[in-house]
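Here is the structure we will look at.
Below, the structure is given as structure tokens:
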């Protein structure tokens with residue numbers, strides 16, 4: 001089915017679009033429109049903080065949310081190329097079972113945070129897909145086990161400082177290749 005986010009009622013609805021609701025391969029197709037990022041809207045998936053303005057520091061307590069197995073803390077710089085144009089066709093999602101993951105933008109570009117919950121089997125529940133446009137002032141922390149699309153930057157390339165607890169094993173990152181077609185669009189009246 002094709003879904004869209006209904007901002008008026010705060011839920012994902014079956015899209016009233018004309019045309020096929022299935023991709024060429026016969027798998028379901030999901031189309032989501034991004035919305036402005038806010039702490040309240042993002043709360044089911046993690047936390048949003050803003051860069052400090054007028055204060056010396058801003059603490060990010062949920063950044064340290066990790067399981068006992070994630071005994072080491074890792075901090076790195078990640079570069080993301082700018083998306084040339086929307087729509088974005090998402091082909092993979094990732095999650096981190098042992099730790100929250102925090103992204104601090106080191107530039108002035110907007111970026112996307114595309115997220116969803118998990119079904120009872122732990123796989124992505126695409127009916128819960130949400131897409132948010134974050135500004136360069138937003139610090140995003142994905143909660144443990146939240147499925148999310150890899151970092152996608154709009155406007156211009158940008159680097160991020162990334163922090164996450166790690167086990168040191170190969171199971172810190174779990175990737176899921178999507179069988180369904182997932183398309184992320186920007187509303188015509190972009191914010």
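In the UniProt record's numbering, the protein residues as written are 1 to 191. Beta carbons: idealized from backbone N, C-alpha and C, even for Gly. Bear in mind the structure is a predicted one, so any value in this text is a computation, not a measurement.
So for residue 45, helix, strand or coil by DSSP? coil
Taking C-alpha atoms, which residue in 131, 109, 55, 117 lies nearest to residue 90? 131
Using CA coordinates, which residue listed in 99, 166, 134, 149 is at the minimum distance from residue 155? 134
Between 150, 87, 79, 153, which lies nearest to residue 159 when the distance is taken from Cα to Cα? 79
Distance CB(residue 218)-CB(residue 29) smaller than 8 angstroms: A query on residue 218 cannot be resolved here, the shown segment of the chain reaching from 1 to 191 and no further.
Please state whether DSSP places residue 83 in a helix, a strand or coil. coil
Inter-residue Cα distance where the pair is residue 50 and residue 44: 18 angstroms
Any chain C beta carbon closer than 8 angstroms to residue 173: No chain C is part of this structure, which consists of one protein chain only.
Cβ-heavy atom distance, residue 104 to the ligand ZN, below 7 angstroms: Of the ligands one can find in the structure shown there are none, so the ligand ZN has no counterpart to examine.
Taking 7 angstroms as the limit between beta carbons, can you name the residues of its chain near residue 173, skipping five residues before and five after? 94, 96
Counting only runs that start and end within the stretch 73-152, where is the beta strand (DSSP E) found for 3 or more residues in a row? 88-95, 101-105, 111-116, 130-134, 138-142
Limits of the beta strand (DSSP E) - the one that residue 154 falls within: From DSSP, residue 154 is part of no beta strand (DSSP E); its letter is neither H nor E.
Closest by C-alpha distance to residue 150, when choosing among 107, 36, 92: 92
Use the C-beta contact count for residue 39: other C-beta atoms within 10 angstroms, 16 or more gives buried, fewer gives exposed. exposed
In its own chain, which residues sit with a C-beta less than 6 angstroms from the C-beta of residue 201, not counting the 5 before and 5 after it? Look at the range of the chain in this structure, 1 to 191, and you will see that residue 201 is not part of it.
Spatially closest choice to residue 106 from 122, 55, 137, by CA coordinates: 137
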